[in-house]
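Trainee:
Protein chains in written order, with full-length UniProt numbering: chain G, 1 to 216; chain D, 1 to 216.
1) How should residue 189 (chain D) be labelled, buried or exposed, when 16 other C-beta atoms within 10 angstroms of its C-beta is the threshold for buried?
2) Which same chain residues, not among the five before or five after residue 33 (chain G), have their C-beta less than 7 Å away from its C-beta?
3) Please report the straight-line C-alpha distance between residue 126 (chain G) and residue 157 (chain G), rounded to a whole angstrom.
4) Can you give the Cα-Cα distance for residue 74 (chain G) and residue 46 (chain D), rounded to whole angstroms?
5) So, do the segment 49 to 64 of chain G and the segment 17 to 27 of chain G have three or more beta carbon pairs nearer to each other than 8 Å?
6) Please tell me whether residue 96 (chain D) and residue 68 (chain D) are closer than 8 Å, where the distance is taken between their beta carbons.
7) Measure the alpha-carbon distance for residue 13 (chain G) versus residue 39 (chain G) and round it to whole angstroms.
8) Under 7 Å from any heavy atom of the ligand SAH, does the C-beta of residue 123 (chain D) make it?
9) Within this structure, are the beta carbons of residue 185 (chain G) and residue 155 (chain D) separated by less than 8 Å?
10) Taking Cβ positions only, does residue 144 (chain G) come closer than 8 Å to chain D?
11) Which residues of the segment 163 to 182 of chain D have a Cβ closer than 7 Å to any Cβ of chain G? Give them in chain order.
12) With distances taken from CA atoms, which of D:165, D:130, D:41 and D:164 is nearest residue 151 (chain D)?
13) Comparing the C-beta of residue 148 (chain D) with each C-beta of chain G, is any distance below 8 Å?
14) Using a Cβ cut-off of 7 Å, pull out every chain G residue sitting near residue 154 (chain D), in sequence order please.
15) Does the beta-carbon of residue 199 (chain G) have 16 or more other beta-carbons within 10 angstroms, so that it is buried, or is it exposed?
16) Report the rounded CA-to-CA distance for residue 149 (chain G) versus residue 143 (chain G), giving the unit in angstroms.
17) What residues in the UniProt domain "HTH tetR-type" (8 to 68) of chain G have a beta carbon less than 9 Å from any beta carbon of chain D?
18) Could you tell me if residue 181 (chain G) is buried or exposed, where buried requires 16 or more neighbouring beta carbons within 10 angstroms of its beta carbon?
19) Under 8 Å, CB to CB, which of the residues in the segment 185 to 201 of chain G have a partner in chain D?
20) With a 10 Å radius around its C-beta and 16 neighbouring C-beta atoms as the bar for buried, classify residue 133 (chain G) as buried or exposed.
21) Taking CB distances under 8 Å as the criterion, tell me whether residue 161 (chain D) reaches chain G.
22) Residue 26 (chain G) lies in the alpha helix (DSSP H); which residues open and close that run?
23) For residue 29 (chain G), count neighbouring C-beta atoms within 10 Å of its own C-beta (all shown protein chains included) and say buried if the count is 16 or more, exposed if not.
24) In chain G, what lies closer than 7 Å to residue 158 (chain D) by C-beta?
25) Do residue 90 (chain G) and residue 72 (chain G) have their beta-carbon atoms positioned less than 8 Å apart in this structure?
26) Closer than 8 Å, CB to CB, is residue 104 (chain G) near chain D or not?
27) To the nearest angstrom, report how far apart residue 65 (chain D) and residue 120 (chain G) are at their CA atoms.
28) Compare the beta carbon distance of residue 169 (chain G) and residue 122 (chain D) with 8 Å and say whether it is the shorter of the two.
29) Between the Cα of residue 193 (chain G) and the Cα atoms of G:1, G:135, G:79 and G:140, which residue gives the shortest distance?
30) List the residues of chain D whose Cβ lies closer than 9 Å to the Cβ of residue 122 (chain G), in chain order.
31) Residue 26 (chain D) and residue 61 (chain D) - do their beta-carbons sit closer together than 8 Å?
32) Threshold first: 3 residues or longer. Then list the beta strand (DSSP E) segments lying entirely within the segment 60 to 127 of chain D, N to C.
33) Looking at the C-beta of residue 151 (chain G), does it have a partner C-beta in chain D at a distance below 8 Å?
34) Measuring CA to CA, which of G:153, G:82 and G:162 is closest to residue 201 (chain G)?
35) Specify, as a first and last residue, the run of the alpha helix (DSSP H) that residue 164 (chain G) falls within.
In structure tokens, the structure reads:
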């Protein structure tokens, strides 16, 4: 292992360890000594990589955002049709927030202060929903009587952002069951009758397997 | 005017003035001297009512929560049917958040820290939605094929909480147009075909007028 590889590995270990400390104790109570101890490195090694706690937190946030974007791209690469893809993306992002401590801690850090990261992630999600619905219209998947496109997009954005807000109080809101229930309710409203039968509100199994990748 | 009435009036003026300062500058940058000056009272009078900035903020929060609950009760008193009532309540609460500086500032204060107020308001809203949908089922208003009751309730809760989260970035998310668009999308999903024609996604005009009451 080269010196460069060792440095990258130490930095990754510190980011994961910091995420676990932030996740468990919150930003204010997490300490640099606990972070370095959990990563199995010396305080000096931590300071070589990060100037202070804020710098570690920023690295956790950046890694979380990168992982969310990477997952959305992977799911998009596996798309069958636009409505199924929107469903699959929601499931994949929810799973990432549930299961990956770096994503969870980073996302929560980005929500805790006046950080613009959260705003930017929300705007990206909004664009993603609008784009998928435009594609669904092109693919002839949208129900004819399904109201204005803008109303539909706003309802989907609001409902998914709402799950994420509610999840901060109670983890059940991003469970597979709740996300599936949301799409079981929304898809009949969005999809043309002919398209509905081919859509799985629980997400495509193939996509679910593909996106179970480790972060970082 | 008795001494007691004067004291109440001064306290109300200070709460409104504090809300305006918090709304304009945020909690951290608002100063007690600006709050007392805007209310037209001496710093001594402010300190007679409130020990410090945190105490003023708490009073603004409490007044905001009381106003939201009061409005929900008034709208419930004017109910025609359960689905219209749910629509009307959303419009009335959105209007209060948009138009009343005490409600807006107090609600934002309750979201800014680890306050339990926001959590409790969200839980109350969740109970309100569940109760209205149970009533709608009793009144025979729900569509037969409208999926599981729990899925429906969660979708309505998530979509409305999502509007409120998105509104913190951009006021348009609680505009009458957006709230109406949400219900134009959701009501056909919830309501039995026979009931749908009698429902107004823009809210009942009578209820809208009744809830335009000043706060405090």
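Cβ atoms here follow ideal geometry from the backbone N, Cα and C, with glycine treated the same way. Remember, it's a predicted structure, so these values are computed and weren't measured experimentally.
Mentor: For this structure:
1) buried
2) 43
3) 6 Å
4) 58 Å
5) yes
6) yes
7) 6 Å
8) As presented, the structure is devoid of all ligands, the ligand SAH included, so that no description of it is given.
9) yes
10) no
11) 163, 165, 166, 169, 178, 181 and 182
12) D:130
13) yes
14) 178, 181 and 182
15) buried
16) 11 Å
17) 26
18) buried
19) 185, 186, 188 and 189
20) buried
21) yes
22) 3 to 29
23) exposed
24) 159, 162, 163, 166 and 182
25) no
26) no
27) 29 Å
28) yes
29) G:140
30) 165, 166 and 169
31) no
32) none
33) yes
34) G:82
35) 149 to 167
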